[in-house]
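Before any comments, here is the structure.
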Amino acid sequence: MEQEQLKERILSVVPEAEFEITGGYMNATVPSAKLHDLAKNLRESEDTLFDYLFCLTGVDWPDHMTVVYHLKSTTHGHNVVLKAKIDSRENPEIDTVSDIWQTAEFHEREVFDLFGIIFRNHPDLRRIFLDDDWVGYPLRKDYVDKVNIIEL
Amino acid sequence: MAETATNTNTGKPLETQEYFINMGPQHPSTHGVLRLMLTLEGETIHNVEPHLGYIHRSIEKMCEKDTYAQIIHLTDRMDYLSSHMNNEAVSLAVEQGLEVEMPERVKVIRTIISELTRLSSHQLWWGVFGMDLGAITSFLYGFRDREMIIDIFEETCGARLTMNYNVPGGLMFDIHPNFQKRTKAFVEHFRQKLPEYDQLLTGNVIFEMRTKGIGILSKEDAISFGVTGPTGRASGFSNDVRKHNPYSAYPQVEFNEVLREEGDSYARYKVRIQEMWESMSIIEQLIENIPEGDYKVKTKAVIKLPKGEYYQKVETARGEFGVYIISEGGKSPYRLKFRSPGFSNLSALNHMAKGVKIADLVVIMSTLDLVIPDIDR
Amino acid sequence: MNIYDFKSLTDSIHTSLSVNLSPSAVTIIEFIIIAFAFMMLFTLLGLILVYAERKIAAFFQLRLGPMRVGKWGIAQTAADAIKLILKEPLVTKNADKFLFNLAPFIIILSTFMALGAMPFAKGLHALDFDIGILYLTAVSSLGVIGILIAGWSSDNKYSLIGAMRSGAQVVSYELSVGLSLLTVVVLAGSLQFSEIIASQEAGWWIFRGHIPALIAFTIFMIAGTAETNRGPFDLPEAESELTAGFHTEYSGLKFAFFFLAEFVNMFIIAGIGATVFLGGWMPFHIGNWEGFNRIMDFIPSLFWFFGKVAFLIFLMMWFKWTFPRLRIDQLLRLEWKYLLPINLVNILFMAFIVLMGWHF
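Chains as they are written, first to last, in my numbering: chain A, 13 to 164; chain B, 1346 to 1722; chain C, 83 to 442.
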């Protein structure tokens, strides 16, 4: 599916989606509440069939957070990048996609561990790299660690 | 087992407990500091829970403070067996942002060294796989041939494992005058020696009993778990980045993407053996005619990437390695994410290992070809 | 007839002692001499076999093996022994200390008892029971009790799994060892080692016993390797799965005991194999080639025995350094579904041959 068609397709599910093309990938930014439905739709529809989630990560912006999903269809060969915009930095929450792609279970645990984004309905949401009693979320921009991070 | 055993005095069923055991962080076959929490019944595995983070260094956080040239040096320390490919991923991403085209010479040399790295990684894997099965001899056979590749690397750039040979904009140095001669000699040598690998393990009855039908991963699950590389290809998931998103000199060479349907440990083993033949063929196609030209493009001392997002994937020995750079126009990235193949491959372990014996878990883990720093980052 | 006979030597020691001493004192002194001799043999075997294993492994693995300590690393095992003696004997906190310390001695004891019944050369034979084979198979499998105790008392889950594997394995393979030896007992008509050897004067049983003897020998080598817990049957240790299995928690001298016992057990299995199938210290004779047989007789019986044992040990090392390890269920399936039925049929077959007098 060409990028223009894909744009139409996403707009038909989430009308408020915003689009941007960077680095050869089409990015679709959607509100976090709509993400799960869109993802499920794109995964299951015959014409899109995005069955391969090859990257899932979070980004901490000054006033909001995003969770970025890099998707590819192994049947059709097209790519799309979904970005779920989470408005709250203090209490970020989003629905899990681990019921759609199994690999998301680990990746979401990583994002939770390092960004503190809570994935609702995740089967086993615990810290994956850091200790259970670790304070703070290291990949956030306002994370302070006087001992280990040397400011330049 | 639990259903039939009864207490002879009371007539009530005997209580059975699941046997809980920690495999790792120090264990010979976790290949690093990986800790698996196993729940067993006898020797049968009920549940495997990987416990990560023993060598998590938060490389992604460090990258946010470093310049792009410095980031290269951190990527070596993730999947140290595919260090060259990791370097290449970041270099390509930065070059994509700078919109510079590499000279042909750089592309060809990068590809040759990538394939040599893949060969050395597969050789090490083959040796270690034999060792995990209890056939220690294979370990030294694998290392014998790997040593020749490592020597070529040492002559080329001075380092044997963490090479840092790539820089954004080309290569650190030009190749050594002996490079072509020695690489050709190696390929000739290894074409003779690779059949030995088959003689030692492949046809062995015990080996086939231990690997065939063990740890089956279906194609659907491979895709859903994002299992890439030889592991994914053994399940029939066509994911070779060299074919699907060709980079460097891969568009000009002919090779086959090795695919198998079975998805068991034996298929994963065969895919890697076959990939070694393919890698040798790629090297042979390129080594004769390395184009003349510059080995690097002039870039600024401190590179600033234009604002935007860049995603670059390469095929490492373990699978699809991705670099996701978000730049705000500064000298370091705003956010940098490494999509490491090992992390996704590991996520399928519990699915594959349910109901097998402890000895099979070792085989499955070994065929996933995990490198722990790659998982922990 | 063999021209070298140790009986003259042992008889002369006995008579010279009997001149001045009472019979009971003579017996005690002879006991001490024998015990001393066996202890020396035990240590020597350990040193030589460990060195041989390392050199042979190196040979299979494209490397040199120990080269630094002494010429060609000859003193390497001695140096290792000193290191092991000087190491701290650690005991885990919650281990059952009595059993933990007892286990290595049980294993050593069983190997010593088995070694006692070995016929080394003509007239050099400490215990020659009329039920020799029965005795040997019985005591050589006592070692598994030591392994079970070691695994149980270590307070380590890996050790326990290793010990349980070992129990299942040794109990199963004991059957095959015993039955394959029985096949030859049918031929020889005796359980006594000296008589089995004597019955092979005209030719070794492996050549005279037709195909059943060959089958029995193959099964004996497989089951024997399994009984010594060596690769490809080293599941109780299984370095890549259970770190070191039942002896994970042992260090220093106690670990050395396990280590030594493994090598001496290998010697015992090879010794039984050599005695029962390959004629023990009997030289290689061919039918009625008088000249050839006479030349063979000039080679001392001690050389024949140790030569055959060395060959069998080399075979076992070859197995270990070539094959991958089996899985526990495959190991048991091999025994119960293949080796045991084949063995039973084989004995019947052999009995039939003996009954009809078809053997040579």
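A virtual CB, placed ideally from N, CA and C, is assigned to each residue, including glycine. Values in this document were obtained by computation on a predicted structure and should not be read as measured data.
Which whole-angstrom value is the C-beta distance of residue i and residue j, which I expect to be below 8 Å?
| i | j | result |
| --- | --- | --- |
| C:A199 | C:I116 | Between C:I116 and C:A199 the Cβ distance is about 12 Å, and since that is not below 8 Å, they are no contact. |
| B:H1376 | B:I1717 | 7 Å |
| C:F340 | C:I395 | C:F340 to C:I395, Cβ: 18 Å. No contact. |
| A:D107 | A:L47 | 7 Å |
| B:F1570 | A:Q114 | 5 Å |
| B:H1467 | B:A1662 | 6 Å |
| C:T310 | C:E344 | 6 Å |
| B:S1483 | B:L1426 | That belief does not hold up - the Cβ atoms of B:S1483 and B:L1426 are roughly 17 Å apart, past 8 Å. |
| C:I189 | C:G225 | 5 Å |
Measuring straight from C-alpha to C-alpha, what distance separates residue i and residue j?
| i | j | result |
| --- | --- | --- |
| B:R1489 | B:K1641 | 33 Å |
| C:A352 | C:M398 | 9 Å |
| C:K402 | C:F187 | 26 Å |
| A:P104 | B:K1588 | 39 Å |
| C:G361 | C:L269 | 13 Å |
| C:F337 | B:Q1371 | 20 Å |
| B:E1363 | B:G1700 | 13 Å |
| B:R1450 | B:T1456 | 10 Å |
| B:I1494 | B:F1531 | 7 Å |
| A:P74 | B:L1715 | 36 Å |
| C:I304 | B:T1353 | 39 Å |
| B:K1526 | B:D1519 | 15 Å |
| A:T60 | A:S44 | 21 Å |
| B:M1346 | C:L408 | Note on B:M1346: pLDDT 42, under 50, position unreliable in the model; no value is reported. |
| C:S222 | C:A308 | 13 Å |
| A:G128 | C:L131 | 60 Å |
| B:R1463 | B:W1470 | 10 Å |
| B:I1671 | B:L1650 | 9 Å |
| B:L1506 | B:L1379 | 21 Å |
| C:F374 | C:I424 | 37 Å |
| A:E30 | A:R101 | 21 Å |
| B:G1475 | B:S1374 | 11 Å |
| B:R1402 | B:L1419 | 10 Å |
| B:L1694 | A:R55 | 23 Å |
| C:I95 | C:E112 | 9 Å |
| A:N91 | A:A40 | 11 Å |
List the residues that DSSP assigns as beta-bridge partners of residue i.
| i | result |
| --- | --- |
| B:Q1657 | B:V1668 |
| A:I22 | None; A:I22 has no bridge partner. |
| A:N91 | A:K84 |
| C:E170 | Its beta-bridge partners do not exist; DSSP assigns none. |
| C:M195 | Note: C:M195 sits in no beta bridge, so no partner. |
| A:Y37 | A:T34 |
| B:L1286 | As displayed, chain B neither begins before 1346 nor continues past 1722, which places residue 1286 of chain B out of reach and without an answer. |
Note down, in chain order, each residue of its chain lying with its Cβ closer than 6 Å to the Cβ of residue i, except the 5 sequence neighbours on either side.
| i | result |
| --- | --- |
| C:V108 | L99 and S100 |
| C:L129 | T159 |
| B:V1748 | Not covered by the structure: residue 1748 of chain B. The range shown for chain B is 1346 to 1722. |
| B:T1712 | S1610 and R1613 |
| C:F359 | W287, I288 and F299 |
| C:F431 | P294 |
| B:S1580 | L1562, K1564, A1567 and G1608 |
| C:F202 | F387 |
Quick one: what's got a C-beta closer than 8 Å to residue i's C-beta in the same chain, skipping five residues either side?
| i | result |
| --- | --- |
| C:W440 | H292 |
| B:S1689 | F1570, G1571, V1572, T1573 and G1664 |
Excluding sequence positions up to five away, which residues of its chain have a Cβ less than 7 Å from the Cβ of residue i?
| i | result |
| --- | --- |
| B:S1692 | F1570 |
| C:M83 | Residue placement at C:M83 is flagged as unreliable, the pLDDT there being 45, under the threshold of 50; a coordinate-derived value is accordingly withheld. |
| B:E1533 | none |
Using a Cβ-based criterion (distance less than 7 Å to any ligand heavy atom), does residue i qualify as near the ligand ZN?
| i | result |
| --- | --- |
| C:S333 | This structure lacks the ligand ZN, and indeed carries no ligand of any kind. |
Using a Cβ cut-off of 8 Å, which residues of the stretch 1396-1417 of chain B contact any Cβ in chain A, in chain order?
Of all residues in the stretch 1396-1417 of chain B, those with a C-beta nearer than 8 Å to a C-beta of chain A are L1397, G1398, H1401, S1403, E1405, K1406 and K1410, reading in chain order.
Which residues, in chain order, does the stretch 398-419 of chain C contribute to contact with chain B at a C-beta distance below 9 Å?
Taking 9 Å as the Cβ-Cβ cut-off, the stretch 398-419 of chain C approaches chain B at K402, W403, T404, F405, P406, R407, L408, R409, I410, D411 and Q412, given in chain order.
Using a Cβ cut-off of 8 Å, which residues of the stretch 140-154 of chain C contact any Cβ in chain B, in chain order?
Within the stretch 140-154 of chain C, the qualifying residues are F142, Q143, L144 and R145.
If you measure beta-carbon to beta-carbon, which residues of the stretch 1660-1685 of chain B are closer than 9 Å to chain A?
Within the stretch 1660-1685 of chain B, contact with chain A at the beta-carbon level (separation under 9 Å) is assigned to E1665, G1667, Y1669, I1670, I1671, Y1679, R1680, K1682 and R1684.
Looking at chain C, which residues of the stretch 1525-1559 of chain B have a Cβ within less than 8 Å of any of its Cβ atoms?
Of all residues in the stretch 1525-1559 of chain B, L1545, L1546, N1549, I1551, F1552, M1554 and R1555 have a Cβ within less than 8 Å of some Cβ in chain C.
Quick one, which residues of the stretch 52-76 of chain A are near chain B if we go by CB-CB under 8 Å, in chain order?
Answer set for the stretch 52-76 of chain A: D63, Y64, L65, F66, C67, T69, V71 and D72.
Determine which residues of the stretch 320-336 of chain C have a Cβ less than 8 Å from any Cβ of chain B, and write them out in chain order.
Of all residues in the stretch 320-336 of chain C, the ones placed with a Cβ closer than 8 Å to any Cβ belonging to chain B are A320, E321, S322, E323, L324 and T325, in chain order.
Residues from the stretch 1435-1462 of chain B in contact with chain A, defined by Cβ distance under 7 Å
Answer set for the stretch 1435-1462 of chain B: Q1441.
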